[in-house]
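Novice: Before anything else, here's the structure in question.
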Amino acid sequence: MQQQAAKVKAARDERVRELEARKPAEQRWREHCGKLESEASELGKEIERLNRGDRDNFKIDDHFRGDL
Numbered sequence: 002m003q004q005q006a007a008k009v010k011a012a013r014d015e016r017v018r019e020l021e022a023r024k025p026a027e028q029r030w031r032e033h034c035g036k037l038e039s040e041a042s043e044l045g046k047e048i049e050r051l052n053r054g055d056r057d058n059f060k061i062d063d064h065f066r067g068d069l
């Protein structure tokens, strides 16, 4: 059963490679760039979130320093 599943998966993977090879290079490039832009956007959001957290931590530290 596992051998049959492996054969089906291999055949499907080969078919996907064939279809990908038929796509024009420009379309593949646009898809790749779109993925990179999406990743960059997510990383930018993460950086902003971390920076906000750093500012919040400094505010907390400053608040406690005033209590000393």
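Note that my numbering has the sequence shown beginning at 2, numbered continuously upward.
Even for Gly, the Cβ is constructed at its ideal location relative to N, Cα and C.
#1: Tell whether a beta-carbon distance below 9 Å holds between glutamate 21 and arginine 29.
#2: What number of angstroms, rounded off, separates the C-alpha of glycine 45 from the C-alpha of methionine 2?
#3: Closer than 8 Å by C-beta to serine 42: which residues in its own chain qualify, once you throw out the five before and the five after it? Chain order, please.
#4: Output the boundary residues of the alpha helix (DSSP H) element that contains lysine 24.
Specialist: So, from the listed chains and residues:
#1: Within the sequence shown, numbered from 1, the residue matching residue 21 stands at position 20. Within the sequence shown, numbered from 1, the residue matching residue 29 stands at position 28. For the pair glutamate 21 and arginine 29, the CB atoms are nearer than the 9 Å cut-off.
#2: Walking along the sequence shown from the start, residue 45 turns up at place 44. Walking along the sequence shown from the start, residue 2 turns up at place 1. Approximately 46 Å, taken between the alpha carbons.
#3: Translated into the one-based positions of the sequence shown, residue 42 becomes position 41. Residues of the same chain with their beta carbon placed closer than 8 Å to that of serine 42 are lacking, with the five preceding and five following residues left out of the count.
#4: Taking the sequence shown and counting its residues from 1, the one referred to as residue 24 is at position 23. For lysine 24, there is no enclosing alpha helix (DSSP H), as DSSP marks it with neither H nor E.
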